[in-house]
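All residue numbers in the sequence shown are consecutive under my numbering, ending with 1126. Just so you know, even glycine gets a beta-carbon here, dropped at the ideal spot from N, CA and C.
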Amino acid sequence: IKEFGTPMPDHVFDSIKKVNTALDNQIPLLGFAGAPFTLATYMVEGKTSKQFIEIKKFLYQYPDTAKKLLTLLSDTIAKYLRAQINAGVHAIQLFDSWGGILAADEFEQYSLPYIQNIFSSLKDIDIPKILYVNNSHHLLSLQKDSGATVISLDWRSPIHEAIKILGDNISIQGNLDPSILYADKYYIKMKTLQILTAVKDRNGFIFNLGHGVLKTTPVENV
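Structure follows, in structure tokens:
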């Protein structure tokens, strides 16, 4: 990517075109990227973490530098997502996998403005724009102002509470606990129906897991 001295990853865009051709444009294709704070977390920590000490030290000790990095990341991610859209994806999803480690006031300072920048820069393109912030029930009211048209919930958020917080103008995606797919099929069906019952009177709902499929999950349960 230009700002980091490397070219745009053409193999990604070539893959999007090939997949769309294989799907004969009959199934929507989802594009995605990591959110600025999550990418900054990996850059500063150097790996995944349980306590995220290094990124928090970075935010508190070098707030101006942190904001410069997050701005650079948000500008670059916006260009990357636009390039995915131009290559043919039908919707985009932004993953702030580690946004939930922040308190609400920290999220409002170090994550939300940069997410808003990304969605704002893509507002001229009329496709669904999905935001997923992991472990973020305490941040739902802030996500409402992110610029996303769909908020994807993790499994920790009671869906009836999320509906009240997010209102009627934002669609919801979620939020079956991925580990439930290890249960017997009767239990999986029961938990699925609980979610569908909770949203039965709502427009704008996408059923999904509340996180990715775990790698040892039985495929037949999916």
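Helix, strand or coil at residue i [DSSP, three-state]
i	result
N1112	strand
K1027	coil
D1000	strand
A982	helix
S1050	coil
A995	strand
Q1077	strand
P913	coil
I1055	strand
T1117	At residue 1117 the sequence reads Val, which differs from the Thr that was named. It is coil, neither helix nor strand.
I1034	strand
K906	Low confidence applies to K906: its pLDDT is 47, below 50, so where it sits in the model is not reliable, and the reading given next is rough at best. Note: K906 maps to helix in three-state DSSP.
K951	coil
E958	helix
S1061	coil
H1041	helix
P932	coil
D968	helix
N924	helix
Presumed contact (8 Å Cβ cut-off) between residue i and residue j, rounded CB distance
i	j	result
S1056	L1035	7 Å
S1025	T1053	That pair is no contact at about 15 Å.
L977	P940	4 Å
C-alpha gap between residue i and residue j, whole angstroms
i	j	result
F956	L1080	26 Å
L1129	M1094	Residue 1129 cannot be examined here, being either before or after the span of the chain that is shown, 905 to 1126.
S1083	Q1020	31 Å
K1104	A982	34 Å
G1108	S1040	20 Å
T1101	L934	26 Å
F917	T1120	29 Å
H1159	I931	The structure shown does not extend to residue 1159, since the chain is modelled only from 905 to 1126, so the question has no answer here.
W1002	T942	5 Å
S952	I959	According to the sequence shown, residue 952 is Thr rather than Ser. In a straight line, the C-alpha of T952 is about 11 Å away from that of I959.
Q965	D928	51 Å
P1114	W1059	Here residue 1114 turns out to be Gly, not Pro, going by the sequence shown. Between G1114 and W1059, the C-alpha separation is close to 4 Å.
L1044	I1005	14 Å
D1049	D1028	17 Å
L1097	A1087	15 Å
L1016	A944	14 Å
L948	Y1090	The question names Leu, but residue 948 is Val in the sequence shown. Looking at the two C-alpha atoms, the distance is approximately 44 Å.
S1061	E1012	19 Å
Contact under 8 Å by Cβ, residue i with residue j
i	j	result
N1112	G1078	yes
L1046	A1008	yes
F999	G938	yes
I996	K1033	yes
G992	N924	yes
I1063	I1099	yes
T975	Y1018	yes
A1066	Y1014	no
I1031	H994	yes
Which residues DSSP lists as bridging residue i, in chain order
i	result
G938	F999
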